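Chemist: Sharing a structure below in structure tokens format, with a few things to ask.
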């Protein structure tokens, strides 16, 4: 017969094992809940984009301020350089994907008025303090290579090909690093309005230049496809991004609308200066109050 002390230790051991199992299950539930929540948000946004891309529905649902699309928040904690690039690239991929890859016209019926740029912020990306101390800035040359040589999950296209809609796409973001020490990065779906279809091959034009606040943007077709977000006087590393070779002719206003994917640096004021209209809809994840 076991003595009381042995029974007591056995009981304590069982309780410890039970608590460990409960803790592991709780972590699983929290992370699975966030994953399912994020997946559901993206699906809801994709459905909204699809509905508003149908011509007869667009006439009724043209309110740009109302949609289920949310601005997600992520924190990059991995110190591995390629893992950082992967997380940034996947944010650009998800943003471009949920807003129709430049192929879905859900915006041509919006009242642009005198505005030239329309922005929907998909995600706010923050960096862990350890990552900031070690990395300090994103090397845009290495990030270009990553986007041009790596593939999104379950996709045969490279990130660059997927984001520009062009085979063998080459990117040129300039050489200025993107500083991450002072704040966040904002992944943004941006539509630019221009008076003519200057990127059509038959026009003979190969570039389109315009200014986004403190950033000069030049989109090229041909050997280099995408968008160069280069700094102008007094500003460095304000944004990177690329423009699709696809565009929409908005017959109601006589202009062409060019979709693009942009990642603005740290200060949200860059976005305010660059975008005439900004859609920003942050939403707290389930169980977030438990993590704080």
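In the working numbering, the protein residues as written are 1282 to 1573. Heads up, the beta-carbon is just placed ideally off N, CA and C, and yes, glycines get one too. Predicted model only: the values in this text are computed from it and were never measured.
By a C-beta neighbour count over all protein chains shown, 10 Å radius and 16 as the cutoff for buried, is residue 1372 buried or exposed?
Modeler: For the purposes of this step, residue 1372 is taken as residue 91 along the chain shown, with counting starting at 1. Buried is the call here.
Chemist: Taking CB distances under 7 angstroms as the criterion, tell me whether residue 1324 reaches chain C.
Modeler: In the structure shown, chain C does not exist; there is a single protein chain.
Chemist: Check this for me: beta carbons of residue 1429 and residue 1439, under 7 angstroms apart or not?
Modeler: The residue labelled residue 1429 in the question sits at position 148 within the chain shown. The residue labelled residue 1439 in the question sits at position 158 within the chain shown. Result yes, Cβ atoms of residue 1429 and residue 1439 sit closer than 7 angstroms.
Chemist: Ordered along the chain, which non-local residues of its own chain (more than five positions away) have a Cβ less than 6 angstroms from that of residue 1560?
Modeler: Here residue 1560 corresponds to residue number 279 of the chain shown, with the count starting at 1. Hits under 6 angstroms: 1401.
Chemist: Using only the alpha-carbon positions, how far apart do residue 1415 and residue 1461 sit?
Modeler: For this step, residue 1415 is matched to residue 134 along the chain shown. For this step, residue 1461 is matched to residue 180 along the chain shown. The straight-line gap from Cα to Cα measures roughly 11 angstroms.
Chemist: Any idea what DSSP makes of residue 1510, helix, strand or coil?
Modeler: Within the chain shown, residue 1510 is the residue found at index 229, counting from 1. Because the pLDDT of residue 1510 is 38, which lies under 50, any placement of that residue in the model is unreliable, and the question is left without a value.
Chemist: Pop quiz: residue 1387 and residue 1333 are said to be a contact at Cβ under 8 angstroms. What is the actual Cβ separation, rounded to whole angstroms?
Modeler: On the chain shown, residue 1387 is found 106 positions in, with the first residue counted as 1. On the chain shown, residue 1333 is found 52 positions in, with the first residue counted as 1. Sure, about 4 angstroms apart at Cβ, within 8 angstroms.
Chemist: What is the DSSP secondary structure of residue 1541, counted as helix, strand or coil?
Modeler: Locating residue 1541 in the chain shown gives position 260, where the first residue counts as 1. Correct three-state label for residue 1541: strand.
Chemist: Could you spell out the range, first to last residue, of the beta strand (DSSP E) harbouring residue 1408?
Modeler: Within the chain shown, numbered from 1, the residue matching residue 1408 stands at position 127. Its beta strand (DSSP E) spans residues 1398 to 1408.
Chemist: I need the DSSP call for residue 1492, collapsed to helix, strand or coil.
Modeler: The residue given as residue 1492 occupies position 211 in the chain shown. Reliability of the predicted coordinates at residue 1492 is poor, the pLDDT of 48 falling under 50, and the value obtained from them is presented with this limitation in mind. In the structure shown, residue 1492 sits in a strand (DSSP, three-state: E or B).
Chemist: Tell me which residue opens and which closes the alpha helix (DSSP H) that residue 1362 is part of.
Modeler: For the purposes of this step, residue 1362 is taken as residue 81 along the chain shown, with counting starting at 1. Counting along the chain, the alpha helix (DSSP H) containing residue 1362 begins and ends at 1362 to 1379.
Chemist: Going by alpha carbons, who is nearest to residue 1541 out of 1467, 1403, 1444?
Modeler: Along the chain shown, read from residue 1 onward, the residue named residue 1541 stands at position 260. Checking every option, the nearest Cα to that of residue 1541 belongs to 1444.
Chemist: With residue 1445 as the anchor, note down where its alpha helix (DSSP H) starts and where it stops.
Modeler: What you label residue 1445 is simply residue 164 of the chain shown in a count that begins at 1. Residues 1440 to 1445.
Chemist: Among 1424, 1459, 1433, 1465, which one has its Cα closest to the Cα of residue 1451?
Modeler: For the purposes of this step, residue 1451 is taken as residue 170 along the chain shown, with counting starting at 1. Minimum Cα distance to residue 1451 is reached at 1424.
Chemist: May I ask you to report which of helix, strand or coil DSSP gives residue 1358?
Modeler: Position 77 of the chain shown, counted from the first residue, corresponds to residue 1358. Looking at residue 1358 - three-state DSSP - the assignment turns out to be coil, as it is neither helix nor strand.
Chemist: So, residue 1377 versus residue 1349, is the Cβ gap smaller than 7 angstroms?
Modeler: Sequence index remark: in the chain shown, residue 1377 carries index 96 (1-based). Sequence index remark: in the chain shown, residue 1349 carries index 68 (1-based). It is not a contact, given that the beta carbons lie outside the stated cut-off.
Chemist: Using the rule of at least 16 other Cβ atoms within 10 Å of the residue's Cβ for burial, across every protein chain shown, is residue 1563 buried or exposed?
Modeler: By 1-based counting over the chain shown, the position of residue 1563 is 282. Label assigned to residue 1563: exposed.
Chemist: Indicate, with yes or no, if the ligand SAH has a heavy atom lying under 6 angstroms from the CB of residue 1439.
Modeler: Among the components of this structure there are no ligands whatsoever, and the ligand SAH is therefore not found.
Chemist: Buried or exposed, going by whether 16 or more other CB atoms sit within 10 Å of the CB of residue 1398?
Modeler: Residue mapping note: residue 1398 aligns to position 117 of the chain shown, counting from 1. Residue 1398 should be labelled buried.
Chemist: Distance check for residue 1474 and residue 1537, CA to CA, integer angstroms please.
Modeler: What you label residue 1537 is simply residue 256 of the chain shown in a count that begins at 1. What you label residue 1474 is simply residue 193 of the chain shown in a count that begins at 1. Rounded to the nearest angstrom, the two C-alpha atoms are 6 angstroms apart.
Chemist: Rounded to whole angstroms, what is the Cα-Cα separation between residue 1510 and residue 1325?
Modeler: Mapped onto the chain shown, residue 1510 falls at position 229. Mapped onto the chain shown, residue 1325 falls at position 44. Low local confidence applies: a pLDDT of 38 at residue 1510 is under 50, so the model's placement there is unreliable, with the coordinate-based value given in what follows. Residue 1510 and residue 1325: Cα-Cα distance of roughly 31 angstroms.
Chemist: Are residue 1404 and residue 1468 closer than 7 angstroms when you measure CB to CB?
Modeler: Along the chain shown, read from residue 1 onward, the residue named residue 1404 stands at position 123. Along the chain shown, read from residue 1 onward, the residue named residue 1468 stands at position 187. Their beta carbons are under 7 angstroms apart, which means residue 1404 touches residue 1468 by this criterion.
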